[in-house]
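Peer 1: The sequence shown begins at 67 in my numbering and counts up one residue at a time. Even glycine gets a Cβ: it sits at the ideal position worked out from N, Cα and C. Quick caveat: nothing in here was measured; it's all calculated off a predicted structure.
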Amino acid sequence: MQKLISLFILFLSLQVTAQQTETQYLSGTGLGDTRTWEFYCSDGMNSKKWSKIEVPSQWELQGYGEYSYGRWYTIKGAKPPTETGIYRTSFRVPANWKGKQVTIVFEGVMTDTEVSVNGQSAGDIHQGGFNRFSYDITDKIKTGKNSLEVKVSKESSDRLVNAAERKADWWIFGGIYRPVYLEAKPAVHIERIAVDAKADGSLKAEVFTTPLAEGYKLNANITPVKLYGNDVPPSSQKQTASLVAGEKHQVQFGWMNVKPWNTESPNLYLLELEMVDKNNKVVHQHRERIGFRTVEFRIQDGLYVNDTKVILKGINRHSFHPDGGRTTNKEISLMDGKLIKEMNINAVRFHYAPDKHFMDVCDSLGIFVVSELAGWQNAYGTEIGSKLVKSLVTRDVNHPAIILWSNGNEGGFNHDLDPLFRAYDPQKRHVIHAWADFDNLDTHHYPTYLTGVARFNNGYKVFMPTEFQHGMYDQGHGAGLEDFWNRYTSHPLFAGGFMWDFSDNAVKRVDKGGILDSDGSNGTDGIVGPYRQKEGSYYTVREVWAPIQFEPILITPSFKGEFLVRNDYLFSNLNGCRMEYRVLTAPSPLSNVTQQEVIASGAVALPAINPRESGRAVMDVPANFFKGDILEIKAWDSRGEEICTWTWTIRYNSAYTQKQLEQVVPKGKATISSEGDRVQLSADGVAVQFNTGNGLITEVRNSKGILSFNNGPIPVGMKARVKEVKHRQEGDNAVFTVYYQGAVDSIRWEMTPAGLLQMHAVTLNNARAGVGFDEAIFEDQITNFGFTFSYPEEKVTSMEWFCRGPYRVWRNRIRGANYGIWKKDYNNTITGADFANMVYPEFKGYHGNTYWSTLYTSETPFTIYSESDGLFMRIFTPEEPTDNKTNWRAYPEFPEGDISFLYEIPAIRCFKPISQQGPNSQPSNIRIKIGDEGIHMNLWFDFRDGK
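1. Which stretch, first to last residue, makes up the beta strand (DSSP E) that contains Glu88?
2. Can you list, in chain order, the residues of its chain with a C-beta nearer than 8 Å to that of Lys407? Leave out the 5 residues immediately preceding and following it.
3. Please look up how many angstroms separate the CB atoms of Tyr892 and Arg870, rounded, as I've assumed it's under 8 Å.
4. Could you tell me whether the Cβ atoms of Phe199 and Ile242 are closer together than 8 Å?
5. Can you tell me whether Ser331 is helix, strand or coil according to DSSP?
6. Using CA atoms only, rank isn't needed, just tell me which of Asp202, Asn588 and Ser556 is closest to Trp566.
7. Can you check DSSP and say which residues form a bridge with Tyr370?
8. Taking C-beta to C-beta, are Leu747 and Trp815 nearer than 8 Å?
9. Check each candidate in Ile381, Tyr418 and His423 and name the one with the smallest Cα separation from Met409.
10. For a test of the three-state rule: what should DSSP assign to Ala467, helix, strand or coil?
11. For Thr306, write down the residues that DSSP places opposite it in a beta bridge.
12. With respect to the alpha helix (DSSP H) encompassing Arg553, which residues constitute its N-terminal and C-terminal limits?
13. What's the gap between the Cα of Leu70 and the Cα of Thr89?
14. Where Lys115 and Ser472 are concerned, what is the direct C-alpha to C-alpha distance, given to the nearest angstrom?
15. Taking the straight line between their C-alpha atoms, what separation do you get for Leu439 and His913?
16. Put Tyr969 into one of helix, strand or coil per three-state DSSP.
17. Which of the three DSSP states is assigned to Leu78 in this structure?
18. Assuming Leu405 is part of the alpha helix (DSSP H), what are its boundary residues?
19. Consult DSSP for Met67 and reduce its assignment to one of helix, strand or coil.
20. Would DSSP call Ala263 helix, strand or coil?
21. Compare the beta carbon distance of Glu397 and Gln443 with 8 Å and say whether it is the shorter of the two.
22. From Glu601 to Ile980, what distance separates their C-alpha atoms?
23. Write down the C-beta distance between Thr758 and Val745 rounded to the nearest angstrom, noting that I regard them as a contact closer than 8 Å.
24. Identify which residue in Gln541, Phe416 and Ala188 has its Cα closest to the Cα of Lys206.
25. Leaving out five residues before and five after His557 in sequence, what residues of the same chain have Cβ atoms less than 7 Å from its Cβ?
26. Helix or strand or just coil, what does DSSP make of Met176?
27. I believe Leu762 touches Ile780 by the beta-carbon criterion, under 8 Å. Please report the beta-carbon distance rounded to the nearest angstrom.
28. Can you give the beta carbon distance from Tyr490 to Val463, rounded, assuming they're within the 8 Å contact cut?
29. Taking 8 Å as the limit between beta carbons, can you name the residues of its chain near Tyr806, skipping five residues before and five after?
30. Output yes or no for whether 8 Å exceeds the beta carbon distance between His499 and Phe479.
31. For Gly544, is the classification buried or exposed, using 16 other Cβ atoms within 10 angstroms of its Cβ as the cut-off for buried?
32. Helix, strand or coil: which one does DSSP assign to Ser987?
33. Which runs of the beta strand (DSSP E), 3 residues or longer, sit entirely within the region 728 to 765?
34. Alpha carbons only, please: which of Trp321, Glu313 and Arg415 is nearest the one belonging to Gln303?
35. Go ahead and label Asn768 buried or exposed: buried means 16 or more other beta carbons lie within 10 angstroms of its beta carbon, across all protein chains shown.
36. Across which residues does DSSP place Glu340 in a beta bridge pair?
Right, here's the structure in full:
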C-alpha cells in the first residue's frame, strides 16, 4: 500500500512538473556563484591558448583580454580592444524533457554573440551587450550529453552598436557576464504575458502562446506576496477567460480589495495563470509577481501614480561591482536597493537594462524606475534597435516599479524606435529622451540654478532633469541639493530629478596587481564608494529628502517641546510613523571624560497630517532636559525602517563652555614676561610666546616640551596689521592685547592660573577701519573668514570633537551632519580616488559648529574650545586627486595654515561652477555700519600636558 501511495505522489509531481516551466542553469547565477567553462581569448592577457574561465564573468576580471574605458576615443590615436572569446561547455538534457520546447537564454553578453549547440548554429548572431536574448534549440538537442559553443566578439561588427554602447562614459567589457540557462516548457505553452494591473484591482493582459486551436481557456488567481498595513485579503476566487485561436490573446480579470503598489507600500501579488485545454486539463502554468497600480503622464500637469502626483527623488545607477564589473548578484542588488531607500530616494534610472534581480528589488522595496534603452550619446540603428527595445520591454513590462521608459541618453535617440515601447507595453507608459525637452517632458541635464528661459521654473512644461547634482569626487549630490530642491518643488510642474551617480565605478585591475581603477575622474561620481562606502553626501541627501521635514528651530530656554513638521511623503499620512527623542550629555575633556550619556528619552507625538500638509510634533519636555547638551530625534516609517536622525544642541556655545570651565580648579597665578620682540604668558607648566611685531604665536610649551602649534592667528578673508601691543597683570591672570589697523580691531589673550589660554578677537566693528590702507581690508566675495594657525600634519594621529559630524561639511552641504562627540583616526582619504587608502569619514576639511576639539598628536594632545556660535573648524587641507581629467579643481581653495576657525567656509562645486549654483553656494558679502559691535570670536586653548 505504501508503495502505491509513493508511486501516486511521484506521478502527481511529474504531472505538476510537466505543466510548469523548468529551468536548468548552464552557468552560475552571478558574482560568487559561477561555473567553469573552457575558454580561448584571441588577444591581450592570457590569449591564444585554451584555458578555463568562470561564467558568468567579464573576461577581463578573469585575466583575459584588455581593459578599456569607453572614453578611449578622446585619446589621440587610441583604438578600442577588439578581442574575441570562444566558450565551450557541455550539459545534459533529462529524458523527461522529450516533447518539450527547450530554449537557451542569455541574460547578457558583450557584445556580438554566435551560439552553436552540438555543432549546429542556434540562430542569427545577437548584437547588443545589455539585453537578454534566447534561441529555440529543441531540434538541436538530444537526451543526455550535449555540447555548447559560444563565440563572443567584444566589439560589434555593427558600428552603430559600438557607437551606442562602447563609445560611452563607462567601462566597456567583454564576455558572458550574466547567467545562461535552459528553459523547458510543454509543447503547448504560454510564451510570455504583458499585464496592465490597475490600482482598482482590474487587470488586462496580453497573453502570448504557441499557436492554439479553439477551446483553450485561461484560469487566473492572485495570492498576496507582500502586503502593508491592515491585511484585507483580495477576493480569491479563480477567474477564467476564453482564449481565441492563434498566438496573441487579450484577457481581462478583476479582484476586489486589492492593495495598490506604491513606493511607500509596495504591495505585491503572485499572479498564477493556468492554461487549460478543451478537456479542462492544465497544459501549462505561468507565475509572475505583479503589483496593481495606475501610471499616467498628464501633459502640462505631472506624473501620476494611483491618481497622486508624484515627485521622483532619484539617482542614477550602473550595474557594477569592483570584483565583477557588470557581473553582480542578488545580494548586491538588495544591498544597493536598501542603501537607496535609506537615503530616502524613491526612484532610480539606468543607462541600460539592469540585472533582473535588481528590478525585483525595486518592486519589493518600493523604488520607481526609469528604464532606458542603451545609447549613451549615439543611437542604435533601427533594425538592431528594434530587437533590443522588444527585449527590454518584454522582459520588464510587468514590473510595477517602472513608470517611464527612456529611448537613449544625451542624443542617443532613434525616433523610429519610440512607437515600439508602447507597442510592447499595454500600459502605454510615457517615453522620454533623457536630457531632451521631448514630448512634453523636459529632462534637461545639469541645469544651473536659474535654468532657464521659458523652461523649468520659467516654463509651462513638466520638467524632470534625468541627471543633476553630478557627484565627481566629493562634489555634487548633497552639496547644493537643498537650494535646487527648494526652487524646483516650488513649481507645480516639477516631477523630480535624478542625481548622478550611485557608486564609484572603480574596477579591480587583475593586470595591475588588483588595484581599483576608475579611469581617473571618469568613474568617481558615486555617493558611495566602489564597495558602497558612504560619503558625506549620503547623509545630506538622507535628511534633505526625508519624508518628514522640520522647520528650522533653535533650542532655547523657551523651548516647550513643539516642532513644526511637514509631511513630504507622496502617499502616506504621518500617523503611520513613529518618532522618539533622546537627551544626551556631551561632556568635554575638562570633565576628564567624554563619554556621552542618555539622561532622558521618550516618544514624540506626530500629527496625523496628509502629504504636503504641516502640523506640530510634540514631546513632553522632561524635568532634566536642560541638564543635557544634545536633543536627538529619530523617526521610523510604517514598515519599521529608520527615516532619519536629527539633532540640536540644547545650549549655545558660550553657555556650554562656561559650564565646562566651572570644573577647572584654578591654582597659583599666571605670569607675563617680555624680552625684545617676545611676550610670554605662563601658568601651570604652560608657556605661550608671542611676537610683538605681528601678534602671532611663536612657541607653545608644556611640561613635556614644545608643542608645535604656532604661526597664528593669521586673518583669513580680511587684512590687518599690528598697530600696538599691551600686556599687563589682571589679578591672577596675565593679559596680552594686540591692537590692529584694518578689519581686525583687537585680539586679547588671557592666561588663567589653571594654564588655560583665552583668545578674544574683535573684527569688523569700525566702518572707517580701512583708512590708511591702500587696498580693501576684506574681500568682496567671502569664502573663508576667520583666523588660521599652523600645526604639522604629520604629528597628528586622531581627533575627538563635539560638533556636527562625523563627516566634514561645505557651505552648501551642512545638513546631514549631526551633533555628537565624534572620534576619527587620521587619514589622507581623497574622496572618490586613491581607493587603496580610502577611509570614511575623511579626516581633513571643515567641521561644523565646533564646541571643542581635541587633537591627539605624537607630542601631547591639546584641546581648543569655541565660545562663539557657528564656528567652523578647519583641519588641514584635503589633497587634490592626481588623476583628475577635468580642467577644474576637485576642492575649493583652503586658507593658508593648518587649523582654522572660521565664520565662513566655501561651497564645493557641482559640475557647473559655483556662480551657477544656488544661494547657499554663493560667497558672502561684508557690510559695516557705524555703531556695529562687530564680529567677536572667543576661543580657549588647553595646551596642558594630559589635562
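Peer 2: For this structure:
1. Glu88 to Tyr91
2. Leu431, Gly432, Ile433 and Glu707
3. That belief does not hold up - the Cβ atoms of Tyr892 and Arg870 are roughly 20 Å apart, past 8 Å.
4. no
5. Ser331: coil per DSSP, three-state reduction.
6. Asn588
7. Glu362 and Lys375
8. yes
9. Ile381
10. coil
11. Asn285
12. From DSSP, the alpha helix (DSSP H) with Arg553 extends over Leu547 to Thr555.
13. Only weak support is given to the placement of Leu70: the predicted model assigns it a pLDDT of 41, under 50, and the value that follows is read from those uncertain coordinates. One C-alpha to the other measures close to 29 Å.
14. Each residue's alpha carbon lies about 42 Å from the other.
15. 43 Å
16. strand
17. Below a pLDDT of 50, predicted positions are generally treated as unreliable, and Leu78, at 40, falls in that range; the measurement from the model is reported next regardless. Here Leu78 sits in helix by DSSP.
18. Lys396 to Glu408
19. Because Met67 sits at a pLDDT of 47, beneath the cut-off of 50, its placement in the model cannot be relied upon, and the following sentence gives the value as read from the coordinates. Reduced to three states, the DSSP call for Met67 is coil.
20. strand
21. no
22. 21 Å
23. At roughly 6 Å, the Cβ-Cβ gap stays under 8 Å, so Thr758 and Val745 are in contact.
24. Ala188
25. Asn523
26. If DSSP states are grouped into helix, strand and coil, Met176 belongs with the strands.
27. 7 Å
28. 7 Å
29. Gly761, Ala786, Arg787, Val788, Lys789, Ser812 and Ile813
30. Yes, these two residues count as a Cβ contact at 8 Å.
31. buried
32. Of the three classes helix, strand and coil, the one that applies to Ser987 here is helix, per DSSP.
33. 737 to 741, 744 to 749 and 752 to 757
34. Trp321
35. Buried is the label assigned to Asn768, since at least 16 other Cβ atoms lie within 10 Å of its Cβ.
36. Asn285 and Gln351
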